[in-house]
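Enquirer: Could you have a look at this structure, given as structure tokens, before my questions?
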Amino acid sequence: MSESYIDEKTNIAPLDTSTTDDNEKRSDEHIGEENRKDLSKYFYFSSSVDDVPLHKYRDYCIHMFCVSGRAVARIGEKTFDIRPNDCVVLLNNHSFSWISISDDFVEHGMFISQKYLSLESPDKNYQTLGMLTLMDDPIVEMNEEEFNLCIAVCEATKERLRQTDHVYYREILLRCVETLFMDIFNVRAHRKGMFKQTNGNRGSQLFKAFISMLEKGTFKSEREVRWYAAKMKITPKYLSEVCINASGHGASYWINKFTTDEIARLLHNPTMPINSISDLMNFTTRSYFSHYVREHLGMTPKDYRLRILGMK
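Numbering follows this note's numbering, in which position 105 of the sequence shown is assigned residue number 107; successive positions increment by one, without gaps.
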């Protein structure tokens, strides 16, 4: 186990970064201001599953790299084996739980706050398809060279976080984050044969526009392909063809994917009433909500939550 990953607690993010101080709130809204130099609160590093309180970091983009041993985890509604040189990428819409962990399991993890990404991240166009493939399959299998390069980037990010007096502190830190994302997307692209379409392709642009609407939460109230097609001034059939060509899945798949991932995430919160989740997701009746969850998650909302809590 690499001690270098946890020997400095100054770069470990607090679980609650909220504050009642108006000045700090205004500063957080503009991370790039000169008087807001230290960004370490937006990052967390781990070198053991004991350092990873996943349920407290749902608003983080999480990268866990398996150094040795094996584990089995449930991510969303699927079960995955995690082996050496695997990278597990958990987005904030992923529900996650460990099923089994071998005694020799060692991981290196880097957590990046979604708040940091929303304010500091680069143009997301090149990321869209990469992020979608991670939603569908969050385990990125790497060879040793690819794995070591990603670990090196994580270590470099940690070192750069300390260099708050660097003239280009923000810029260099952002380049580290960009590099990690692009390295992971590069591996996925070669493994899955993705990213064949060009940025100038109309179909690619339409697909990104469709996903952009879903990312903004429109799926909470609009779950019909024809609604999205009308907004984009194309036919539902053409929109589905565009999605299939870009991602291998039709438009309805992605609408249901965003919807069920959000429902699963909300059901992981035992204090949130199921009726409230139904209302938040704009289902017309409780019975329709229950039917939808049963169809897409395989059980009723109540049974799903009981399974999460280990009571079923």
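Built from N, CA and C at the ideal position, the CB exists for glycine as well.
Please go through the same chain and pick out, in chain order, the residues whose beta-carbon is closer than 7 Å to the beta-carbon of Tyr-128, but skip the five residues on each side of it.
Expert: In this prediction, Tyr-128 has a pLDDT of 42, which is less than 50 and means its spatial position is unreliable; what the coordinates show is noted afterwards. There are no such residues.
Enquirer: What do you reckon, are the CB atoms on Pro-238 and Ala-248 nearer than 8 Å?
Expert: Not closer than 8 Å, so no.
Enquirer: Go ahead and pull the three-state DSSP assignment for Met-144.
Expert: Here Met-144 sits in coil by DSSP.
Enquirer: Per the contact definition of three or more C-beta pairs closer than 8 Å, is the segment 66 to 76 in contact with the segment 93 to 108?
Expert: Judged by Cβ distances under 8 Å, the segment 93 to 108 makes contact with the segment 66 to 76, as three or more pairs qualify.
Enquirer: Helix, strand or coil: which one does DSSP assign to His-1?
Expert: Outside the modelled stretch of the chain, which goes from 3 to 314, sits residue 1, for which no answer is possible.
Enquirer: Does DSSP classify Met-137 as helix, strand or coil?
Expert: The answer is helix: DSSP assigns Met-137 an H, G or I state.
Enquirer: Measuring alpha carbon to alpha carbon, tell me which of Thr-166, Ser-49, Leu-134, Lys-210 ends up nearest Ile-153.
Expert: Minimum Cα distance to Ile-153 is reached at Ser-49.
Enquirer: In terms of residues, what are the limits of the beta strand (DSSP E) holding Met-66?
Expert: Here the beta strand (DSSP E) through Met-66 covers 62 to 70.
Enquirer: If you draw a straight line from the alpha carbon of Val-227 to that of Ala-253, how long is it in whole angstroms?
Expert: Whole-angstrom Cα-Cα distance: 6 Å.
Enquirer: Looking only at its chain, what residues have a beta carbon closer than 6 Å to the beta carbon of Ser-115, apart from the 5 residues adjacent to it on each side?
Expert: Tyr-44, Tyr-62.
Enquirer: Return yes when the Cβ of Phe-209 is within less than 8 Å of the Cβ of Val-179, no when it is not.
Expert: No.
Enquirer: Which same chain residues, not among the five before or five after Thr-181, have their C-beta less than 6 Å away from its C-beta?
Expert: For Thr-181, where only same-chain residues beyond five positions count, the Cβ hits under 6 Å are Val-155.
Enquirer: Whole angstroms are fine: how far does the CA of Leu-176 sit from the CA of Ala-158?
Expert: Looking at the two C-alpha atoms, the distance is approximately 12 Å.
Enquirer: The beta strand (DSSP E) spanning Val-90 covers which residue range?
Expert: Residues 88 to 92.
Enquirer: So for Asp-305, helix, strand or coil by DSSP?
Expert: Asp-305 falls in the helix class under three-state DSSP.
Enquirer: Output needed for Phe-113: all residues of its chain with C-beta closer than 6 Å, excluding positions within five of it in sequence on either side, in chain order.
Expert: Cβ within range, chain order: Tyr-46, Tyr-59, Tyr-62, Ile-64.
Enquirer: Could you check whether Leu-241 and Phe-212 sit closer than 8 Å to each other, using their CB atoms as the reference points?
Expert: Yes, they are a contact pair.
Enquirer: Beta-carbon separation of Ser-1 and His-270 under 8 Å?
Expert: What the structure shows of the chain is the stretch from 3 to 314, and residue 1 is not part of that stretch, so it cannot be assessed.
Enquirer: In or out: Ser-326 buried (at least 16 other Cβ within 10 Å) or exposed?
Expert: Residue coverage of the chain in this structure runs from 3 to 314, which leaves residue 326 outside it and unanswerable.
Enquirer: Are there 16 or more other CB atoms within 10 angstroms of the CB of Asn-201, so buried, or fewer, so exposed?
Expert: Caution is warranted here: a pLDDT of 47 is assigned to Asn-201, below 50, making its placement in the model unreliable, and no coordinate value can be reported.
Enquirer: Check Leu-270 in the structure and name its three-state DSSP category.
Expert: Correcting the residue identity first, residue 270 is His in this sequence and not Leu. Three-state DSSP puts His-270 in coil, outside helix and strand.
Enquirer: Determine the DSSP secondary structure at Ile-236, reduced to helix, strand or coil.
Expert: It is coil, neither helix nor strand.
Enquirer: Shortest alpha-carbon distance to Glu-264 belongs to which of Met-66, Gly-78, Ser-42, Phe-67?
Expert: Comparing Cα-Cα distances from Glu-264 to each of Met-66, Gly-78, Ser-42, Phe-67, the minimum goes to Gly-78.
Enquirer: Suppose contacts are defined by Cβ-Cβ distances below 8 Å. Is Phe-183 in contact with Ile-141 by that definition?
Expert: The answer is no: Cβ separation not under 8 Å.
Enquirer: Report the rounded CA-to-CA distance for Ile-334 versus Thr-135, giving the unit in angstroms.
Expert: Limits of the chain in this structure are 3 at one end and 314 at the other, which puts residue 334 out of reach.
Enquirer: Run through the DSSP bridge pairs and tell me what Ala-75 is partnered with.
Expert: According to DSSP, Ala-75 bridges with Phe-82, Trp-100.
Enquirer: Which residue comes first and which comes last in the alpha helix (DSSP H) that contains Glu-51?
Expert: Before going further, note that residue 51 is Val rather than Glu in the sequence given. Neither: Val-51 is in no alpha helix (DSSP H) and is coded neither H nor E.
Enquirer: Give me, in chain order, the residues of the same chain whose beta-carbon lies closer than 7 Å to that of Arg-225; leave out the 5 immediate sequence neighbours on both sides.
Expert: Excluding sequence neighbours, Arg-225 sits near Ile-257, Thr-261.
Enquirer: Which residue from Ser-99, Leu-119, Asp-167, Glu-146 puts its Cα closest to that of Cys-89?
Expert: When only C-alpha atoms are compared, the closest one is Glu-146.
Enquirer: Apply the 10 Å Cβ neighbour rule to Phe-192 and answer buried if 16 or more other Cβ atoms are within range, or exposed otherwise.
Expert: In the sequence on display, residue 192 carries His and not Phe. Exposed, because fewer than 16 other Cβ atoms sit within 10 Å of the Cβ of His-192.
Enquirer: Of all the options Asp-167, Asp-139, Gln-165, Asp-40, which has the alpha carbon lying nearest to the alpha carbon of Ala-75?
Expert: The option with the nearest alpha carbon to Ala-75 is Asp-139.
Enquirer: Is the beta carbon of Met-144 less than 8 Å from the beta carbon of Val-91?
Expert: Not closer than 8 Å, so no.
Enquirer: Is DSSP giving Phe-183 helix, strand or coil here?
Expert: Reduced to three states, the DSSP call for Phe-183 is helix.
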